[in-house]
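Below you'll find the structure, written out as structure tokens, and then a few comments.
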Amino acid sequence: MLHFLPKIPPPALFTSTDAGPTQSPILTAGAAMNTGVQDFVTRRFGRHVQYRVANDYTSKNGVRHVYLRQTINGVPILNGDVNINIDANGNVLNIGSTFVRRSELLERAEAALARGIDGQRLSPAQAVLRLASYLGIGLEQGSLVPVAYASADFDAEEEPARPVALFEGDNLSLNHIEVRVAFVQTETRGLELVYHMNIEQDDDWLDVGVSATTGEVVFAVNWVSRSGNYRVYPPGVNDPHDGDRELVRNPHKLSTGSPLGWHTMDADNTFTDTRGNNVYAQESLTGRQIGWKNNYRPSGGSDLVFDFPIDFTKEPVESLDAAVTNLFYWNNIMHDIFYEYGFDEVSGNFQENNFRKGGLGNDAVQANAQDGTTYNNANFATPPDGQRPKMRMYIWNQETPMIDGDYDNGLIVHEYSHGISNRLCGGPANSNCMSSAQASGQGEGIGDCLSLILRWRREYGRDDSFGMAEYAASRNIRNYPYTDDMELNPQTFGYLNKSQYSRHHAKGEVWCTMLMDAYRNMLDEFPWDADLYKGDGANNRFMQNLVDGLKIQPCNPTFTEARDAILLADQVNYNGANTCAYWRGFARRGLGQNATAPETGPVTEDFTVPLECL
1 MLHFLPKIPP PALFTSTDAG PTQSPILTAG AAMNTGVQDF VTRRFGRHVQ
51 YRVANDYTSK NGVRHVYLRQ TINGVPILNG DVNINIDANG NVLNIGSTFV
101 RRSELLERAE AALARGIDGQ RLSPAQAVLR LASYLGIGLE QGSLVPVAYA
151 SADFDAEEEP ARPVALFEGD NLSLNHIEVR VAFVQTETRG LELVYHMNIE
201 QDDDWLDVGV SATTGEVVFA VNWVSRSGNY RVYPPGVNDP HDGDRELVRN
251 PHKLSTGSPL GWHTMDADNT FTDTRGNNVY AQESLTGRQI GWKNNYRPSG
301 GSDLVFDFPI DFTKEPVESL DAAVTNLFYW NNIMHDIFYE YGFDEVSGNF
351 QENNFRKGGL GNDAVQANAQ DGTTYNNANF ATPPDGQRPK MRMYIWNQET
401 PMIDGDYDNG LIVHEYSHGI SNRLCGGPAN SNCMSSAQAS GQGEGIGDCL
451 SLILRWRREY GRDDSFGMAE YAASRNIRNY PYTDDMELNP QTFGYLNKSQ
501 YSRHHAKGEV WCTMLMDAYR NMLDEFPWDA DLYKGDGANN RFMQNLVDGL
551 KIQPCNPTFT EARDAILLAD QVNYNGANTC AYWRGFARRG LGQNATAPET
601 GPVTEDFTVP LECL
């Protein structure tokens, strides 16, 4: 099983992502790649930059996506790309670029190309032999049968450049090996001329570049990614009292957030236990933190099958493998779902390897199952981006045998949500922006709210009510159930003035209650969508606005500031289609237009909505 990453240069060689939109359109909606775009690219990157259009398509939301691949005299730079996103009016929303802009690098590359392949140290056949040796596959020079050779001359009009050699696959590849010439940006040598090959094998499918001058394997990307199979309580099932476990197969494929699967970090780190790029999940029976990386983790074997029994008649430690598996699964699920809504590398998500997409890596979640530090709780510590967060799930000892919080998915989601809100509010470098009295309450409320959204089923409606930790604690640990019924849950904004609501969990109940009222209103307008990743239902819109609201709101927001940020997010994301659903939900619980929320002193309730929402 091979997974390697391309060696991509530091940011000095290319531009960073730019946010828009621009003030004037560059092309009309639906137009083909035309002079307007070409002029725009020329102004942005200079007349010396050559490129070809790799893809050009329009999404269902009207946003057009143009992808460019940089070239030098027709030879592609494999990691020299630009993506331009254009709204329906022709305005540029944002640009991402790894184009080479340093003219001296381009000039040296053109000179190297002009010298021709014949003047280089390696022939195409030698490059294939070097690759076979690198992969540990025995291949003799005589067994490398050429099917055809093409000229080493390059035609800028051909896209992509034709092969310079074609060999039988022998025992290296299932198909013929086409050898093409390309450039790759590297950290140490600028633009490296490589032989580019595609190697399909029984278990792996490799995209490879071998240096035409040194024979070094410059990059090898495996298109096969694996996450494995896990017997767990999936989304829609909160805990063992709420439904059955399922054997979920390859869940990473539902998202773009884990391109190498759940068990691979980079070329040197592929695991068969509950470690991966997004989370390290392990037992922590003693509660000791020193040496935690060496703690026990269950193995899924070479096929990554994590299918372990649970015996609820025995103490939790007897089913440790199943507990760690469920914890590993749900940390990855949270990572992948919210990646789709914008909790990504640049915004400070939790990944060991950020794949050169921005942000700081080395901060996969440390998730401790059956943590022995204490009982009857769970927590999540969120340092700034680049420092590892820590999730601790505890045993609950009110029953005999005791109950394992690792099977209460609502608790896991709640804790992980603290990481999302702490990294997004105020930016990933600041972990203190959900720490004021009202903001810390919002953090708790967001955790409860997302746990309800991810356990939601199509058949649920306004008459359904939910508690928190009802499985782990054998009771609802909140003051009231989360329900639309104001007789069962009478909490309004004014409850924050009560002495028993001075603590953040109680404030969080009020915030979650408001959010859930708004969510139910959205369900009246848009259906629930089972696709938690890329759907367009009320639940998807709700999560998108919540994530973007966290990014928009100020550091340590009041309730009114957080409300306004969500409303603004809905204006940006959906042209305000859900604005009245939000206003009716907030105002019903006292956070209407004229509510006031001073950080010190009593808050003031108001139950009015804008006229357009009456």
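In full-length UniProt numbering, the protein residues as written are 1 to 614.
Idealized CB from N, CA, C, for every residue including glycine.
This structure is a prediction, so every number in the text was calculated from the model and none was measured.
Nearest neighbour of residue i, chosen from the options [CA to CA]
{"i": "Arg52", "options": "Gly46, Thr71 and Leu496", "result": "Thr71"}
{"i": "Leu172", "options": "Phe183, Ala165, Leu193 and Asp204", "result": "Asp204"}
{"i": "Ala212", "options": "Tyr482, Val179, Asp239 and His263", "result": "Val179"}
{"i": "Phe219", "options": "Ala182, Tyr230 and Arg231", "result": "Ala182"}
{"i": "Leu193", "options": "Asn175, Leu304, Val217 and Gln201", "result": "Val217"}
{"i": "Asn575", "options": "Arg541, Ala595 and Glu561", "result": "Arg541"}
{"i": "Ala530", "options": "Phe586, Pro481, Gly372 and Glu459", "result": "Glu459"}
{"i": "Gly96", "options": "Gly80, Glu104, Ala88 and Asp87", "result": "Gly80"}
{"i": "Pro527", "options": "Ala538, Asp464 and Ala518", "result": "Ala538"}
{"i": "Gly236", "options": "Ala473, Ala281 and Asp408", "result": "Asp408"}
{"i": "Leu462", "options": "Arg475, Gly90 and Met522", "result": "Looking at the sequence shown, residue 462 is not Leu but Arg. Answer by Cα proximity: Met522."}
{"i": "Glu561", "options": "Ala595, Arg108 and Asn175", "result": "Ala595"}
Range covered by the beta strand (DSSP E) that runs through residue i
{"i": "Arg130", "result": "Looking at the DSSP string, Arg130 is not in any beta strand (DSSP E); the run it does join, the alpha helix (DSSP H), is Pro124 to Tyr134."}
{"i": "Met516", "result": "Where Met516 is concerned, there is no enclosing beta strand (DSSP E), although the alpha helix (DSSP H) it sits in stretches over His504 to Glu525."}
{"i": "Asp207", "result": "Trp205 to Ser211"}
{"i": "His418", "result": "No beta strand (DSSP E) holds His418; the alpha helix (DSSP H) holding it covers Asn409 to Leu424."}
{"i": "Met197", "result": "Gly190 to Glu200"}
{"i": "Val184", "result": "Ile177 to Thr186"}
{"i": "Arg249", "result": "Glu246 to Arg249"}
{"i": "Ile95", "result": "Val92 to Ser97"}
{"i": "Ala378", "result": "Ala378 to Ala381"}
{"i": "Gln370", "result": "Val365 to Tyr375"}
{"i": "Pro230", "result": "Before going on, a small fix: residue 230 reads as Tyr here, not Pro. Per DSSP, Tyr230 belongs to the beta strand (DSSP E) from Asn229 to Val232."}
{"i": "Phe167", "result": "Ala165 to Phe167"}
{"i": "residue 615", "result": "Here the chain has residues from 1 to 614 only, and residue 615 is not among them."}
Coarse secondary structure for residue i, derived from DSSP in three states
{"i": "Thr58", "result": "strand"}
{"i": "Val603", "result": "coil"}
{"i": "Gly447", "result": "helix"}
{"i": "Val237", "result": "coil"}
{"i": "His48", "result": "coil"}
{"i": "Phe308", "result": "coil"}
{"i": "Tyr533", "result": "coil"}
{"i": "Pro76", "result": "strand"}
{"i": "Gln289", "result": "coil"}
{"i": "residue 697", "result": "The structure shown does not extend to residue 697, since the chain is modelled only from 1 through 614, so no value can be given for it."}
{"i": "Thr483", "result": "coil"}
{"i": "Gly316", "result": "It should be pointed out that residue 316 corresponds to Pro in this sequence rather than to Gly. Pro316 falls in the helix class under three-state DSSP."}
{"i": "Leu614", "result": "coil"}
{"i": "Ala29", "result": "At Ala29 the pLDDT is 34, less than 50, meaning the model places this residue with poor confidence; the figure from the coordinates comes in the next sentence. The answer is coil: DSSP assigns Ala29 none of H, G, I, E or B."}
{"i": "Glu283", "result": "strand"}
{"i": "Val145", "result": "coil"}
{"i": "Thr42", "result": "helix"}
{"i": "Asp321", "result": "helix"}
{"i": "Arg297", "result": "coil"}
{"i": "Asp118", "result": "Any answer about Asp118 is weak, because its pLDDT of 49 lies below 50 and its placement is not dependable; what the coordinates show is given next. Reduced to three states, the DSSP call for Asp118 is helix."}
{"i": "Arg275", "result": "strand"}
{"i": "Arg108", "result": "helix"}
{"i": "Tyr67", "result": "strand"}
{"i": "Leu591", "result": "strand"}
{"i": "Ile137", "result": "coil"}
{"i": "Asn497", "result": "helix"}
CB-CB length for residue i against residue j, believed under 8 angstroms
{"i": "Met543", "j": "Tyr416", "result": "Wrong, their Cβ atoms sit about 13 angstroms apart, outside the cutoff."}
{"i": "Ala369", "j": "Glu283", "result": "5 angstroms"}
{"i": "Ala378", "j": "Met393", "result": "5 angstroms"}
{"i": "residue 683", "j": "Trp330", "result": "Here the chain comprises residues numbered 1 to 614, so residue 683 is not present and cannot be evaluated."}
{"i": "Asn277", "j": "Met265", "result": "5 angstroms"}
{"i": "Arg584", "j": "Val603", "result": "Not quite, the Cβ-Cβ distance comes to about 20 angstroms (not below 8 angstroms), so this is no contact."}
{"i": "Met197", "j": "Val208", "result": "5 angstroms"}
{"i": "Cys580", "j": "Leu515", "result": "Contact doesn't hold; Cβ gap of about 15 angstroms is too wide."}
{"i": "Arg231", "j": "Thr325", "result": "7 angstroms"}
{"i": "Val279", "j": "Phe328", "result": "6 angstroms"}
{"i": "Asp517", "j": "Arg589", "result": "6 angstroms"}
Start-to-end residues for the alpha helix (DSSP H) that takes in residue i
{"i": "Met393", "result": "Not the alpha helix (DSSP H): Met393 falls in the beta strand (DSSP E), residues Lys390 to Trp396."}
{"i": "Gly549", "result": "Ala538 to Ile552"}
{"i": "Gly585", "result": "Thr579 to Arg588"}
{"i": "Glu561", "result": "Phe559 to Tyr574"}
Residue-chain proximity (residue i, chain B), Cβ-Cβ < 8 angstroms
{"i": "Gly358", "result": "Checking the listed chains, one finds no chain B in this structure; it contains a single protein chain."}
Would you call the segment 290-300 and the segment 566-576 touching, i.e. three or more CB-CB distances under 8 angstroms?
no
The segment 431-448 contacting the segment 496-511, beta-carbon criterion three pairs below 8 angstroms
Short answer: they touch.
Is the number of C-beta pairs between the segment 418-429 and the segment 543-561 that are closer than 8 angstroms three or more?
yes
Three Cβ pairs or more, each shorter than 8 angstroms: is that satisfied between the segment 344-364 and the segment 295-306?
Short answer: they don't touch.
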